[in-house]
Amino acid sequence: MKKSEEINGGPPPIPPRDRISEAPPLPPRKHEDTVNLRTIVPPTKRTSQIFRNDNYLHGQIIDSSSSESVSSVSSAPVVPPRNKPSEIDGKKLNSRYSGDYLSMSGSIFSKSPSEASITSVSPPFQDLQPDYNEDSLYGVSQDRYSSCFEMEPLYQFCGTDTLKKNRERLSNRGSHIYCEIGETEQDESLPEEIPTTISSSIQDSSSSRSSQLGCEFLRPNSQRTLWHEMPQVKNSNILDTISDSERKCQEAIFEVITSEASYLKSLNILMNTFLLSPQFSDKSDKSVLIRQERHELFSNIGAVRETSEKLLADLEARWKKSPLIHDICDIITKHVHQGTFNVYIRYCTNMTYQERMYNKLMKRVEFVSALKEIERNDICQRLPMKTFLLLPMQRITRIPLLIDSICHRLDSASDQYKSAIQARSAINKIVKQCNDGARQMECMEELIAIKSQLQFKVKEFPLISASRYLVKKGEVTEIVSDSNTKNIFKRSKPTKNPLYLFLFNDILLVTKKRGNHYDVVDYCWRAFLDSQHIRDPDKCKLLPQGVPQGARYLMLLVMFENCESKRVEMVLAHNSENDCERWLDVVTSVTVEGNERIYAQWDCPQVQAISRYEAREGDELSLEENDIITVLRKLNDGWYYGEKSDDSEMGWFPAEATKEIDSEHIRARNLRLKYQVEGHIEVE
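Going by the numbering used here, the sequence shown opens with residue 127, and the numbers climb by one from there.
Below, the structure is given as C-alpha cells:
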C-alpha cells in the first residue's frame, strides 16, 4: 500500500502526535507554487439551501426543496464603480469593486451584450472544485524559523495603547527619538489612498471585536523593543552621529521588523496551540472538528505563517548586517513580486466563511468546552482564539501604514524614499485584492440567493458571475398609457403596473413580484440605459392622459436595447423624491463637474496608445505603443485619467498620445445621440 502511494505521488502519512508541543515537524507534501483567488472554499449549508433543483455548485448538483426570500438575505456590501459615488439605501460609497477572481463557464463578459443575450445557459461554477489543501493549512516546510526577537510581545498587544506606553517611556527619559506611528496613522493625511479595510461587513463584525479584545487583555509589560534600546545600537555609538530625524526614521524601519516578529509569534501560537491541539488536530481521537470545519476555520494559515517566516528572515538578515538600516522596503517589494504575499488574498477571501463557521461552532457545547480549555493555556496570555484568527487581515492592512510612516521621515529626493513608495504601491495592490476577494465572496452569496428567486419569462442568460454584484433594488410603479390610439375618446385611462428592479453593476433586470419569487420580464445592459426626471407630466408625450391618482416622483427610463434588442421607454413612479433621485443617479453613466467629465466604470470609453509616453510625475501613466487604457476621467485641457488593461496601473496621460477605439461605450453613445436627434431627451 505504501509503495502504491509513493508511485502515485501521494503525501506520506502524518506521524501520530501524543504531545503536540514536542511533536516533530509535519512531513513534506506536494507543493503548489501559487495560491490565488481561483481557489475558493466549499459551499456552506446555507448556500446550498438557496439553490433550486438542477442548479450546480462546484460541479455538484444541488437538490434543495427550500429557498430563502431575497428580502431576507443579508445584504452584502455594495462596491460601487471607481470615482463615481453610487448610492444604496441612501448611503454614498466610493470604494472600487474589481471582479475576475473566479473562472466560470458560460461567462458573458467575453462577448458583447448583444451576443451575451443569446448565450445558452450553463451551470455556474461547474469547473470549480472545493480545495482542501493540506499544504495551505499546515504549511510545507519542516523547519521553523527562529527569530532573534523572541521576547517581543504578541501582535495583539502591539496596538495604539502599547505605542502610547512606549512614547511615555521615552518622554520620561527626556527623549524624542521614537517615531510616533500611531499619530501618523490617525492624524496625517496619506499621500496615497491606502485600502486598509477588508470588506466593510467583515470590518464591522470582526475588527470592532478585535479592538475590544485586544485592549481588554493588554498588560503593562506588553512593550515592544525600540531601535535605540538595542545593544548593537548603543555599543556602536550611532546615536552620537545621526540626527534626530534619522533616528526617527530608524525607529520606523525597526518597527516593521519587530512587529513582524510579534506577528509570527502569535501565528505560531495559533498553529501549535490551537490547530495542532488534541482537541482540533486531525490526528487526535479527541478532535471535535471534522476536516471541512477545520479547513474553513483555519483556512490557509500554514501558508500564511511560512510567508511571515520568509519575510522576517530577510528583514532580520538586513538588521544583522548593520544596526543602521539603510533600507528594508526593497525586501517587501521583492516578496510582493515573487508572489509571497498572495496567500493573504485567499485568507481574506475566505474570511466570510471563516466567520460563519466560527459562529456555527460556537453553538456546539463540545467545541466551546474544548476552546475554553485551550484558551486557558498560559501561552495564550488570556487571549481568545478569535484574536488570532484575525491576525492575517490585520497584518496585511497594517504594512502599508508602517511603510507610509517611513516615507514621512525620508527625503523625497532620496533613493530610500523611491524604494518606500514602490513598496507601498506594491503592497497596496495586494491589500486591494484581499479587499476585493472578501467582498466578492459576500456578493457571490447574495447573487446566488437572488438567482434562486428569479424565473425568466424572456430569454435567459447566466446571471451568476464573479464580476457581477448588486448595486440597487426596489419597487417602482410603471405608468402605462395607451398612446397608440389616435382617437383621444377611445383611449383608456393610464394604469399602474407594479415592478421590481434589480440593478447590478452591468445589467438591469425588470421583474414582477409573484409571491416569493420574481418573474423576469425584461432586461437591459447598464451601458444602454438612460433616464430623465419628469418634472411636468403634462409636457411628457408618453403621458397623453396624464398620470393616475397618487402617482408622483416620475422618471423616464429608456432601454436603448432590451432583451429583444428593441428600444423601450418606461415612465416610472416612486414612493418618494429621494428614491427617485437615487435611481436617477445610479442610472447616469457620465457626470460633468466643471471642466471635468467623469465616467462610471460600467460605461467607460477605451483608448489605444499611438505613441510612447514617459511619465514625468508620480501620478502619471507611462504608455507604450498599442497599450489599451480605460478612461475614467476627461479634462478639457487634453488630459485623461485611466487604467491600463494589462497591469491595472492608474494615472494621468495626455489625450494626444492616444486614439479612441470601438467599444460598447461608443455604440451606446451613438444610440443616445440618435435618440437626442429624434427630439426625445437631452443626453451628453
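Even for Gly, the Cβ is constructed at its ideal location relative to N, Cα and C. Because the structure is a prediction, the values reported are computed rather than measured.
Coil, strand or helix - residue i by DSSP
| i | result |
| --- | --- |
| I471 | helix |
| S578 | coil |
| A77 | Since the first and last residues shown for the chain are 127 and 810, residue 77 lies out of range. |
| Q376 | helix |
| P449 | coil |
| R652 | helix |
| Y484 | helix |
| H534 | coil |
| N298 | Because N298 carries a pLDDT of 44, less than 50, the predicted location of this residue cannot be relied on, and the following value inherits that uncertainty. If DSSP states are grouped into helix, strand and coil, N298 belongs with the helices. |
| Q358 | helix |
| K237 | Only weak support is given to the placement of K237: the predicted model assigns it a pLDDT of 39, under 50, and the value that follows is read from those uncertain coordinates. In this structure, K237 counts as coil in the three-state DSSP scheme. |
| R759 | strand |
| A699 | strand |
| P674 | coil |
| D645 | strand |
| V733 | strand |
| V414 | coil |
| F493 | helix |
| S425 | coil |
| G768 | strand |
Minimum C-alpha distance to residue i - residue among the options
| i | options | result |
| --- | --- | --- |
| T603 | K638, D408, K585, A592 | K638 |
| R550 | K785, P624, D456 | D456 |
| P663 | E601, L680, F587 | L680 |
| A552 | R508, K460, S434 | K460 |
| T384 | N623, E687, L438, N476 | L438 |
| K555 | T513, T523, L668, P279 | T523 |
| P588 | I505, Y649, G764, M776 | Y649 |
| E690 | H659, K585, E707, V359 | K585 |
| K583 | S540, A564, Y644 | Y644 |
| K446 | R521, V359, D411, R508 | V359 |
| A741 | C506, D711, W765 | W765 |
| C666 | Y626, D705, I605 | I605 |
| D788 | V557, K436, C730, Q581 | C730 |
| I529 | E601, V414, Q559, Q376 | Q376 |
| S273 | V266, H354, F283, S388 | S388 |
| Q418 | E260, R373, S371, M685 | E260 |
| R678 | R661, Q507, K692 | R661 |
| E572 | V557, Q559, L596 | L596 |
Exposure of residue i, with buried meaning 16 or more beta-carbon neighbours within 10 Å
| i | result |
| --- | --- |
| A838 | What is shown of the chain runs 127 to 810, which leaves residue 838 out entirely. |
| P357 | exposed |
| N688 | buried |
| A429 | buried |
| N631 | buried |
| R535 | buried |
| P624 | exposed |
| I525 | buried |
| N361 | exposed |
| D269 | exposed |
| G744 | exposed |
| R539 | What sits at residue 539 in the sequence shown is Ala, not Arg. It is exposed - the Cβ of A539 has fewer than 16 other Cβ atoms within 10 Å. |
| V469 | buried |
Residue i and residue j closer than 8 Å at C-beta
| i | j | result |
| --- | --- | --- |
| L749 | F779 | yes |
| L682 | V694 | no |
| S392 | Y281 | yes |
| L423 | Y473 | no |
| P674 | K598 | no |
| I755 | S737 | no |
| P404 | Q349 | no |
| E751 | G777 | no |
| D753 | A735 | yes |
| H463 | Y258 | no |
| P510 | E501 | yes |
| M519 | M477 | yes |
| P449 | I532 | no |
| T433 | T475 | no |
| N642 | Q579 | yes |
| E492 | V414 | yes |
| I451 | I379 | yes |
Residue-level contact to chain B via CB, residue i, 8 Å cutoff
| i | result |
| --- | --- |
| E586 | Of the chains in the structure shown, none is chain B; there is only one protein chain. |
Whole-Å CB distance - residue i paired with residue j, under 8 Å assumed
| i | j | result |
| --- | --- | --- |
| I427 | L402 | Incorrect: roughly 11 Å between the Cβ atoms, too far for contact. |
| V382 | I454 | 6 Å |
| V646 | L634 | Rounded, the Cβ-Cβ distance is 11 Å, inconsistent with contact. |
| V733 | E786 | 5 Å |
| L669 | S607 | 6 Å |
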